[in-house]
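For the sequence shown, full-length UniProt numbering begins at 1 and goes up steadily by one.
Glycine included, C-beta positions come from ideal geometry on N, C-alpha and C.
This one's a predicted model, so the numbers in the text were calculated from it and none came from an experiment.
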Amino acid sequence: MLVLLGVISLQVGAAFAKQLFGVAGPAGVVALRLVFAAAVLLVLWRPSLRLDRRTLGVVAGYGAVLAGMNICIYQSFERIPLGAAVTIEFLGPLAVAVLGSRRALDLVWAVLAGIGVLLLSGTAGGLDPVGVAYALVAGAMWAGYILMGAKLGSRTSGGSGLALGMAVGAAVAAPFGVADAGSALLDPRVLAAGLVVALLSSVIPYSLELEALRRMPPRVFGVLMSLEPAVAALAGLVVLGELLGGWQWVAITCVVAASVGSTRSAR
């Protein structure tokens with residue numbers, strides 16, 4: 001239940017963020033989200049800045065990848081439906097799972113995921129190629145985020161590394177946000193909406209996932225997280241009215257099935 005609530009919070013937050021693009025732009029919304037999330041996490045964890053040079057490098061790399069991942073996926077959200085963007089982005093963590101294994105069965109999951117993305121891109125007249133490209137880059141960033149997150153977890157304790165990494169991500173995203181939104185970022189209503197996005201998309205899901213990982217094996221956690229593309233499509237439908245065709249739902253199902261299969265078969 002904790003994982004599912006976290007996934008729902010994350011994707012509803014993304015749908016809500018998309019409604020702000022007309023006011024603050026995708027990069028502006030990312031900047032608000034990361035700045036507010038960093039502020040909350042820094043107050044919550046109060047991390048020490050006494051870190052060795054290698055740990056500082058890991059924190060900086062984690063924050064940079066975090067910012068890039070969010071900027072790219074929000075640019076994708078602006079151009080293609082939420083469910084399609086998250087499905088394509090999900091190829092990143094799926095690639096990490098498949099490439100980390102040498103079992104022949106994982107090739108089947110990779111092919112199934114590829115079929116899903118081809119179906120998604122080729123139905124209903126296709127998707128905006130720029131939006132698809134942004135989603136693919138976000139997926140690559142997500143893969144890097146997973147790898148950097150593993151290093152961060154091994155070099156820091158509790159949520160201190162996450163708080164510092166989020167602060168770095170906020171610093172990286174802030175100039176893009178200012179360039180995209182300008183003075184709109186100072187509007188009290190935009191600031192309030194940005195706080196809501198930060199809570200829904202970062203603080204709440206990360207906290208729930210952290211608690212869930214204390215209660216279940218990582219493999220089960222990964223299977224449940226594989227539902228993200230489907231939940232994103234439902235959030236896009238309910239919150240934004242984004243309709244997907246039958247073949248697009250089949251495509252999402254293929255990617256979800258491939259992710260579940262690769263996670264369950266991983267050693």
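Item to check | Selection from L56, I71, G92 that minimises the alpha carbon distance to G28 | outcome: I71
Checklist entry - What residue from A179, R155, L32, M225 has the CA that sits closest to G57's CA? => result R155
Checklist entry - Taking the alpha carbon of V255 as the point to measure from, which residue in T87, R33, R46 has its own alpha carbon closest? => result T87
Next on the checklist: Let me confirm a value: P217 is counted as buried when at least 16 other C-beta atoms fall within 10 Å, else exposed. Which label applies?
Outcome noted: Here P217 is exposed. Its C-beta has fewer than 16 other C-beta atoms within 10 Å.
Next on the checklist: Does M216 come out as helix, strand or coil in the three-state DSSP assignment?
Outcome noted: coil
Item to check | D187, enclosing alpha helix (DSSP H) - first and last residue | outcome: D187: not part of any alpha helix (DSSP H); DSSP gives it neither H nor E.
Next on the checklist: Distance check for D128 and L112, CA to CA, integer angstroms please.
Outcome noted: 22 Å
Checklist entry - Could you give the distance in angstroms between the alpha-carbon of T263 and the alpha-carbon of E242? => result 29 Å
Next on the checklist: Please classify L99 as buried or exposed, where buried requires at least 16 other C-beta atoms within 10 Å of its C-beta.
Outcome noted: Exposed: under 16 other Cβ atoms inside 10 Å.
Checklist entry - If you run the structure through DSSP and keep just helix, strand and coil, what is Q19? => result coil
Item to check | Delimiting residues of the alpha helix (DSSP H) encompassing M69 | outcome: 53 to 79
Item to check | Residue from S201, A257, V250, A173 whose Cα sits closest to the Cα of G25 | outcome: Answer by Cα proximity: A173.
Checklist entry - Which residues in the same chain as residue 269 place their Cβ atom closer than 7 Å to its Cβ, once the five residues preceding and following it in sequence are excluded? => result In the structure as shown, the chain starts at 1 and stops at 267, and residue 269 therefore has no counterpart that could be examined.
Next on the checklist: A198 and V30 - do their beta-carbons sit closer together than 8 Å?
Outcome noted: Result no, Cβ atoms of V30 and A198 do not sit closer than 8 Å.
Next on the checklist: For G139 and V43, what's the separation of their Cα atoms in angstroms?
Outcome noted: 30 Å
Item to check | When V35, A192, L94 are compared against F176, the one with the closest alpha-carbon | outcome: Taking the Cα of F176 as reference, the smallest distance to any Cα among V35, A192, L94 is reached at V35.
Checklist entry - Would you call the CB atoms of S9 and I204 closer than 8 Å? => result yes
Next on the checklist: Please classify P93 as buried or exposed, where buried requires at least 16 other C-beta atoms within 10 Å of its C-beta.
Outcome noted: buried
Checklist entry - Going by alpha carbons, who is nearest to V250 out of V117, L210, L208, L186? => result Nearest of V117, L210, L208, L186 to V250, Cα basis: V117.
Item to check | For M141, the nearest candidate out of M1, V260, D52, A64 (CA to CA) | outcome: A64
Checklist entry - DSSP state of G236, grouped into three classes? => result helix
Checklist entry - What's the call for D106, buried or exposed, on a 16-neighbour Cβ count within 10 Å? => result buried
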